[in-house]
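Engineer:
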Amino acid sequence: MTHSMPSLPYGQNELAPAMSGETIYFHYGKHLQTYLENVNRLKKDSPFAEHTLKELILNADGALLNNAAQAYNHILFFKNLTPQPKPMPYMLQQTIRFSFGTEKAFREEFTKAALNLFGSGWVWLAADECNRLHILALPNAGNPYTHGMTPLLALDVWEHAYYIDYRNRRADYVENFWRLIDWESVERRLTKEDVVLFW
Ligand code: MN
């Protein structure tokens, strides 16, 4: 199987000003496309030719692992954004309260993890096998699957994710990220409707 570009559930300019059309053009249109092209090139004629991205994350190594994880991470990141966020659905809200105490405590811990992650990486909301939620700050192409958890929400803190719109101001980027989250999509992943599983 080869991996094609996922469609976006919004237009290129619809997330502006929190995330500009220029950032979507480069981040989705160039970075993600390159990761997918690398995966397709590296897996072809390898024992991993029929693996999904999740299977590659769990079984491959080296450049194939890094590119498959980056492809997966970006697809999840972009699919979880929306120009018209709705309030958090009840089940997700209850699960967050059960895991972190309050929604505010979750947001503060997640934001702190994003600001403290040194260099390039990803901050995740992930569910363990008992559906208790955790915040993971993982360097480079890190993904919760390799920590035995299901990824629910991803925040890209590589500089390429925010440098066009925010230059070096990662804190402003993270603050605006909270205005773009499609919580219904996050909750669907909690119930295992994994949009990236078969990509
Ligand atoms: Mn990125």
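Positions -13 to 185 (this note's numbering) are the ones given, in order, by the sequence shown.
Note that CB positions come from ideal geometry on N, CA and C, so glycine has one too.
1. Which parts of the region 85 to 124 are runs of the beta strand (DSSP E), unbroken and 3 residues or longer, counting only runs that do not cross its ends?
2. Report the partner residues of residue 142 according to the DSSP bridge assignment.
3. Got a sec: does the ligand MN put a non-hydrogen atom nearer than 6 Å to the Cβ of residue 100?
4. Considering only the beta carbon of each residue, do residue 100 and residue 141 sit closer than 7 Å?
5. Residue 67 by DSSP, collapsed to three states: which one?
6. Classify residue 135 as buried or exposed, calling it buried when 16 or more other Cβ atoms lie within 10 Å of its own Cβ.
7. On a Cα-Cα basis, can you pick out the residue from 66, 94, 97 and 47 that is closest to residue 179?
8. What are the residues that DSSP puts in a beta bridge with residue 137?
9. Near residue 159, which residues of its chain fall below 6 Å by C-beta distance, leaving aside the five closest residues on each side in sequence?
10. Rounded to the nearest angstrom, what separates residue 175 and residue 155 at their Cα positions?
11. Return the residue from the list 53, 97 and 163 that minimises the CA-CA distance to residue 128.
12. Flag this pair as yes or no: are the beta carbons of residue 122 and residue 113 separated by less than 7 Å?
13. With a threshold of 6 Å (Cβ to nearest heavy atom), would residue 17 be considered close to the ligand MN?
14. Sorry if obvious, but does the Cβ on residue 142 come closer than 6 Å to a heavy atom of the ligand MN?
Structural biologist: On the basis of the supplied data:
1. Listed in chain order, they are 107 to 113.
2. In DSSP, residue 142 forms a bridge with 108.
3. At a threshold of 6 Å, residue 100 does not count as near the ligand MN, since its beta carbon sits no closer than that to any of the ligand's heavy atoms.
4. Yes, Cβ-Cβ distance for residue 100 and residue 141 is below 7 Å.
5. Per DSSP, reduced to three states, the secondary structure at residue 67 is strand.
6. By the 10 Å Cβ count, residue 135 comes out buried.
7. For the residues 66, 94, 97 and 47, the minimum Cα distance to residue 179 belongs to 66.
8. Under DSSP, residue 137 forms a beta bridge with 112.
9. Excluding sequence neighbours, residue 159 sits near 148 and 152.
10. C-alpha separation (whole angstroms): 30 Å.
11. Answer by Cα proximity: 53.
12. No, Cβ-Cβ distance for residue 122 and residue 113 is not below 7 Å.
13. Checking the Cβ of residue 17 against the ligand MN gives yes.
14. Flag set: Cβ of residue 142 near the ligand MN.
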